[in-house]
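Q: Mind having a look at this structure? Questions to follow.
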Amino acid sequence: MTAPIRVAVLGPTGRLGSAICRALLDSPDFRIAGAVVRAESPVSGEDIGTWLGRDPIDCRAETSLEHAIETADIVLDASLPGMTVAAAERLASLGGPALITGVTGFNREQSDRLTACADRLPVLLAGNFSLGVAVTEALVREAARLPAADWDIEVHETHHRRKADAPSGTALMLARTAAKSRGESLESLATWSREGVTGPRKTGSIGFAVSRGGSVVGEHSVRFLAELEEITISHRALDRSIFARGALAAARWMINGGAGRAAGEYSMQDVVAG
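The numbering of the sequence shown is full-length UniProt numbering, which starts it at 1 and goes up by one.
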């Protein structure tokens with residue numbers, strides 16, 4: 001029998017982190033080997049199993065990354081941008097284990113620091129852990145090859161009222177994929193909002209529309225609009241558990257790459273490709 005994959009979880013107490021922990025506990029293929037929380041977290045010192053309403057698992061939430069990864073094969077991250085970057089830099093200096101993060105909302109400096117870590121560490125950056133979103137991204141990449149002069153691109157996203165960042169990391173990921181297919185950067189094409197007298201639409205631009213309300217898990221649509229036809233590529237998340245399942249799929253992919261994946265930057269596209 002194959003030994004379970006030992007996982008250290010960063011940010012185990014948030015919506016995504018707790019969903020990942022539950023999925024790990026429910027799978028015979030995984031074991032929670034460590035859990036890292038912020039110093040001020042009220043969960044610090046508690047058994048993660050007990051905190052989740054399960055049997056104790058002899059793994060307590062702690063603030064020390066080094067201790068949490070002592071026996072870990074891989075790190076799954078659902079924390080916050082600052083914690084992610086600090087952890088990535090520490091893991092890179094220690095030589096691993098590999099980092100898989102579903103955190104979004106990085107600023108330019110943080111993104112550059114993560115990219116630098118990938119020179120020494122396998123880092124999988126997931127704007128969204130959903131396997132369905134990964135397929136959606138692949139479809140957007142193909143559709144964006146249509147001529148920019150004839151096909152306008154608009155990205156629409158809706159999330160629950162508690163989501164703190166906008167546009168969502170997934171919306172940005174899809175838009176960046178479209179821009180890259182057209183040989184451009186998103187920053188050069190993005191129209192982040194519109195109000196008042198805006199004038200005609202700029203050819204080749206990528207527009208955004210953001211909605212927040214209720215308990216919507218996540219809805220994303222990328223519309224390609226021409227004069228006489230339209231293509232809409234959409235994904236709707238029905239339950240938050242899909243993100244946890246995708247995170248576990250990413251962990252399996254990372255670990256099962258022979259002796260582990262080489263240092264570098266990976267995405268959920270790599271996971272879907274197998």
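Ideal placement from N, C-alpha and C gives every residue a C-beta, glycine not left out.
Here the structure is a predicted model, which is why all the values come from computation and not from measurement.
State buried or exposed for Pro97, treating a residue as buried only when at least 16 other CB atoms are found within 10 Å of its CB.
A: So Pro97 ends up on the buried side.
Q: Do you know offhand how far Ala263's Cα is from Pro12's?
A: Computed Cα separation, rounded: 25 Å.
Q: With H, G and I counted as helix, E and B as strand and the rest as coil, what does DSSP make of His235?
A: In the structure shown, His235 sits in a strand (DSSP, three-state: E or B).
Q: Which partner residues of Val217 appear in the DSSP bridge assignment?
A: In DSSP, Val217 forms no bridge with anything.
Q: Under the assumption that Glu66 contacts Ala35 (Cβ atoms under 8 Å), give the Cβ distance between them as a whole number of angstroms.
A: 14 Å between Cβ atoms; not a contact.
Q: Compute the Euclidean distance between the alpha carbons of Pro42 and Trp51, then round it to the nearest angstrom.
A: Using only the alpha carbons, I get a separation of about 11 Å.
Q: Under 8 Å by Cβ, that's how I've got Ile233 and Ala134 pegged, so tell me the actual separation to the nearest angstrom.
A: About 13 Å separates the two Cβ atoms, so there is no contact after all.
Q: Near Phe30, what residues of its chain come up, given a Cβ to Cβ distance below 6 Å and the 5 sequence neighbours on each side ignored?
A: The answer, listed in chain order, is Pro4, Ile5, Val7, Leu24.
Q: Kindly list the residues whose CB is nearer than 8 Å to the CB of Met254, restricted to its own chain and excluding five residues on each side of it in sequence; keep chain order.
A: Ile74, Ala98, Ile100, Pro122, Leu124, Gly260, Arg261, Tyr266, listed in sequence order.
Q: Leaving out five residues on either side along the sequence, give the residues of the same chain with a beta carbon under 6 Å from the beta carbon of Ser181.
A: Around Ser181: Arg141, Ala144, Arg145.
Q: Looking at the unbroken alpha helix (DSSP H) that takes in Ile48, where does it start and where does it end?
A: Unbroken alpha helix (DSSP H) run through Ile48: 48-51.
Q: On the CB-based measure, 16 or more other CB atoms within 10 Å of its CB, does Glu229 come out buried or exposed?
A: Exposed.
Q: At a cut of 8 Å, does the region 189-204 reach the region 212-220 through at least three beta carbon pairs?
A: No, because fewer than three Cβ pairs between the region 189-204 and the region 212-220 fall closer than 8 Å, the two stretches do not touch.
Q: If you draw a straight line from the alpha carbon of Gly127 to that of Thr191, how long is it in whole angstroms?
A: Approximately 20 Å between the Cα atoms of the pair.
Q: Going by the CB atoms, is the gap between Ala209 and Glu154 shorter than 8 Å?
A: Cβ distance < 8 Å, so Glu154 and Ala209 count as in contact.
Q: Where Gly183 and Arg60 are concerned, what is the direct C-alpha to C-alpha distance, given to the nearest angstrom?
A: Computed Cα separation, rounded: 47 Å.
Q: Taking 8 Å as the limit between beta carbons, can you name the residues of its chain near Ala87, skipping five residues before and five after?
A: Hits under 8 Å: Leu10, Val36, Leu65, Val75, Asp77, Ser79, Leu99.
Q: Per DSSP, residue 282 forms a beta bridge with which residues?
A: The first residue shown for the chain is 1 and the last is 274, placing residue 282 beyond what the model contains.
Q: Pick out whichever of Ala72, Ile69, Thr104, Ala19 has its Cα sitting closest to the Cα of Val85.
A: Out of Ala72, Ile69, Thr104, Ala19, Thr104 has the C-alpha closest to the C-alpha of Val85.
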